[in-house]
Amino acid sequence: MANMETALKDAMGIEGAIGVALVDYNSGLALGTLGTGTELDLNVAAAGNTDVVRAKMRTMEMLNLHGEAIEDILITLTQQYHLIRPLTHKGSQGIFLYLALDRQRSNLAMARHIIRKIEENLEV
């Protein structure tokens, strides 16, 4: 099992990664962040994407989708992909991984595959 620091470094190793955060969506606070520069404020992204996760959870509840779980949420921008992956293993509920990617330099399918593996091995 990987710790938070290792998981963030592994996520930044994904081709085209701009920044990554591990976020508590109960509080909206980033538990850890790692990024390549100043083009993205990861703490603001963590708080804002907390609202996205909460909204989707409420919508699933209103639709009575109780047997379903969010694998990931993808937001596509003109120059970036933003990938949100809620953690699902025991003891990690209420936490998600947030990954921002440069669209020109990334392979979305590969990024989703790698972030899933990181999530599976992450111990919070």
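Under the working numbering, the first residue of the sequence shown carries the number 974, and numbering increases by one thereafter.
We put the beta carbon where it would ideally sit given N, CA and C, even for glycine.
Values in this document were obtained by computation on a predicted structure and should not be read as measured data.
Top-ranked residue by Cα proximity to E1041, from M1033, F1069, I1048: M1033
Among A1084, N1037, I1068, whose alpha-carbon lies nearest the alpha-carbon of S1054? Before going further, note that residue 1054 is Tyr rather than Ser in the sequence given. Looking at the Cα atoms, A1084 is the closest of the given residues.
I1068 (DSSP reduced to helix, strand or coil): strand
A994 - containing beta strand (DSSP E), residue span: 990 to 997
Going by C-alpha to C-alpha distance, which of T979, M977, L1004, V996 sits closest to L1056? V996
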